[in-house]
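Peer 1:
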Amino acid sequence: MFDPKVLRRDFPILTREVKGKPLVYLDSAATSQKPREVLLAEKEYYEQHNANVHRGAHTLGDEATQLLAKARQTVARFVGVREGEVIFVRNTTEALNLVAYTWGLDNLKQGDTMVTTVMEHHSNLVPWQEVARRTGAKVEVVGVTSEGLLDLAEYQQKLTLAPKLVAFGHVSNALGTINPVKKMTKMAHKAGAVVVVDGAQAVPHMGVKVNQIGCDFYAFSGHKMLGPMGIGVLVGRREILDPMSPFLTGGGMINEVTRENSTWADLPDKFEAGTPNVAGAVGLASAIDYLERLGMEEVRGHDKQIVEYALQEFYKVRNLVILGPKDANYRSGSVSFEYQGVHAHDVATILDSEGVAVRSGHHCTMPLHKSMGITASVRASFNVYTTKEDIKKLVEALQKVKTVFGK
Ligand SMILES: Cc1ncc(COP(=O)(O)O)c(C=O)c1O
């Protein structure tokens with residue numbers, strides 16, 4: 001039985017106090033906390049198996065190589081793709097830059113179009129702007145409706161420009177909106193585009209099967225899904241990855257090197273130059289084991305319940321303007337709001353004094369905030385260990401904002 005109150009015990013940090021109050025951690029979209037077994041998996045790797053991979057003709061080298069391969073298998077199974085299609089990177093940002101600096105620079109030219117959306121995290125906007133700057137291509141940005149959903153009519157209209165690349169998020173980190181990625185992928189493919197999906201906020205909360213979405217690239221970060229920092233994943237379709245140029249070059253990614261030239265290793269090594277983060281991959285696999293034991297349907301069920309409860313409670317607080325869809329069916333992971341008359345940073349500081357950790361600012365979505373006519377918001381974000389009590393404590397702490405600011 002999925003019970004956040006019970007599984008909280010697996011997360012050592014949640015017993016901490018902050019400012020003399022029990023920690024209420026509502027910043028999981030920035031990074032999730034890690035269960036003990038993930039921490040132990042990394043520790044055990046370093047204590048028992050640490051060696052460099054691929055090149056060691058010794059037992060520890062073989063063990064490390066096998067652990068990396070096993071972690072890749074776990075990730076591939078989890079998101080429904082083939083092992084060679086899983087490329088380990090540092091994080092979502094690196095995964096998206098990999099696509100931009102390889103596929104993007106090699107395939108886009110003056111006059112070409114890319115399409116993205118106004119709700120993107122900067123990681124899924126700035127790399128395309130950079131490709132545009134270097135190639136002379138342009139970026140078209142689809143807006144959101146007044147309900148905080150992606151404007152699909154505008155999306156359809158931008159697709160008539162025959163973009164070469166379309167990039168969108170699966171779940172918005174600021175609005176919480178879940179985008180209809182399968183449908184959007186189909187539409188973009190019909191228009192002839194390569195499709196890149198930023199899954200950073202989706203993979204932690206719902207069973208994502210990249211093969212069912214049908215996109216060409218899908219990116220996510222280990223640290224937002226109970227895994228360690230410094231490990232992330234780019235999933236790419238083999239057919240598109242195979243002919244692509246490498247991103248970084250050097251050790252570990254070559255087949256043969258002469259004084260003049262080099263040839264590349266097969267997938268996924270071609271895209272994993274240098275010493276990989278084996279401990280991170282082991283930790284990520286351990287996080288996936290943990291999530292799979294909970295069951296991704298249960299995880300999403302809990303996520304939806306918490307979002308629903310947070311919406312219900314936040315709507316009762318005077319002066320709060322809730323961002324994003326009103327219906328929890330269309331949202332995941334977080335609820336952001338504006339406290340009218342009080343700056344988001346002031347709200348977050350007061351909440352912190354009560355032990356409540358939330359994020360304030362633009363959440364790396366400046367164009368989205370601008371489109372809504374605000375500069376900053378407060379975001380409460382959740383994970384498997386979030387309880388209704390956490391939300392209640394946040395709402396109680398908001399009373400202090402009222403006391404201090406008289407609003
Ligand atoms: C939707 C989305 N995309 C990308 C990122 C960037 O992730 P990372 O910092 O792990 O590269 C984030 C992080 O908050 C995010 O929420």
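Position 113 of the sequence shown, counting from 1, maps to 113 under UniProt numbering, and the rest follow consecutively.
Each residue gets a CB set at the ideal place from its N, CA and C atoms; glycine is no exception.
Since Trp-264 sits in a beta bridge, which residues does DSSP pair it with?
Peer 2: By 1-based counting over the sequence shown, the position of residue 264 is 264. The partner list for Trp-264 (beta bridge, DSSP) reads Ile-254.
Peer 1: Using only the heavy atoms of ligand 1, determine whether one of them is closer than 6 Å to the beta carbon of Thr-92.
Peer 2: The sequence position of residue 92 within the sequence shown is 92, counting from 1. Yes.
Peer 1: Please classify Tyr-45 as buried or exposed, where buried requires at least 16 other C-beta atoms within 10 Å of its C-beta.
Peer 2: In the sequence shown, counting from the first residue as 1, residue 45 sits at position 45. Tyr-45 comes out buried.
Peer 1: Among Leu-39, Val-89 and Gly-20, whose alpha-carbon lies nearest the alpha-carbon of Asp-269?
Peer 2: Reading the sequence shown from its first residue, position 269 is the one you call residue 269. Looking at the Cα atoms, Val-89 is the closest of the given residues.
Peer 1: Looking only at its chain, what residues have a beta carbon closer than 6 Å to the beta carbon of Leu-23, apart from the 5 residues adjacent to it on each side?
Peer 2: The residue you call residue 23 lines up with position 23 of the sequence shown. Correct list, in chain order: Arg-16 and Gly-355.
Peer 1: For ligand 1, is there any heavy atom lying closer than 6 Å to the beta carbon of Gln-201?
Peer 2: If you number the sequence shown from 1, residue 201 lands on position 201. Proximity of the beta carbon of Gln-201 to ligand 1 is indicated: a heavy atom of the ligand is located closer than 6 Å.
Peer 1: Going by DSSP, what residue range makes up the beta strand (DSSP E) through Leu-394?
Peer 2: The sequence position of residue 394 within the sequence shown is 394, counting from 1. It is not in any beta strand (DSSP E) - Leu-394 instead sits in the alpha helix (DSSP H) that spans 388-405.
Peer 1: In terms of residue numbering, what span does the alpha helix (DSSP H) encompassing Glu-338 cover?
Peer 2: Residue mapping note: residue 338 aligns to position 338 of the sequence shown, counting from 1. Where Glu-338 is concerned, there is no enclosing alpha helix (DSSP H), although the beta strand (DSSP E) it sits in stretches over 334-339.
Peer 1: To which residues does DSSP link Val-235 through a beta bridge?
Peer 2: The residue given as residue 235 occupies position 235 in the sequence shown. Bridge partners of Val-235: Val-86 and Tyr-218.
Peer 1: Around the Cβ of His-121, are there at least 16 other Cβ atoms within 10 angstroms (buried) or fewer (exposed)?
Peer 2: Here residue 121 is taken as the residue at index 121 of the sequence shown, counted from 1. Per the 10 Å Cβ criterion, buried.
Peer 1: When you compare the segment 36-54 with the segment 271-287, are there three or more beta-carbon pairs, one atom per stretch, that lie closer than 8 Å?
Peer 2: Contact holds between the segment 36-54 and the segment 271-287, because three or more Cβ pairs, one in each stretch, are under 8 Å apart.
Peer 1: Applying the 10 Å Cβ sphere with the 16-neighbour rule, what's the burial state of Arg-259?
Peer 2: Translated into the one-based positions of the sequence shown, residue 259 becomes position 259. It is exposed - the Cβ of Arg-259 has fewer than 16 other Cβ atoms within 10 Å.
Peer 1: Using CA coordinates, which residue listed in Pro-276, Met-184 and Phe-11 is at the minimum distance from His-54?
Peer 2: Taking the first residue of the sequence shown as position 1, residue 54 is located at position 54. Selected option, being the one with the closest Cα: Pro-276.
Peer 1: Return the chain-ordered list of same chain residues with a C-beta closer than 7 Å to the C-beta of Ala-191, the five sequence neighbours on each side being excluded.
Peer 2: Here the question's residue 191 lines up with position 191 in the sequence shown. Excluding positions up to five away in sequence, the list reads Leu-159, Ala-162 and Pro-163.
Peer 1: Suppose the cutoff is 8 Å on Cβ atoms and the five residues either side in sequence are ignored; what does the same chain contact list for Val-166 look like?
Peer 2: Position 166 of the sequence shown holds residue 166. So the list reads Met-114, Val-115, Thr-116, Leu-159, Met-184, Ala-188, Ala-191, Ala-193, Val-194, Val-195 and Val-196, once near-sequence residues are dropped.
Peer 1: Measuring straight from C-alpha to C-alpha, what distance separates Val-79 and Gly-341?
Peer 2: The residue you call residue 79 lines up with position 79 of the sequence shown. The residue you call residue 341 lines up with position 341 of the sequence shown. Looking at the two C-alpha atoms, the distance is approximately 43 Å.
Peer 1: Taking its Cβ as the centre, do 16 or more other Cβ atoms sit within 10 Å of Asp-327, making it buried, or is it exposed?
Peer 2: Here residue 327 refers to the residue found at position 327 of the sequence shown. With fewer than 16 other Cβ atoms within 10 Å, it is exposed.
Peer 1: Are the beta-carbon atoms of Ala-200 and Thr-74 separated by less than 7 Å?
Peer 2: Start at 1 with the first residue of the sequence shown, and residue 200 comes out as number 200. Start at 1 with the first residue of the sequence shown, and residue 74 comes out as number 74. No, the Cβ-Cβ distance between Ala-200 and Thr-74 is not below 7 Å.
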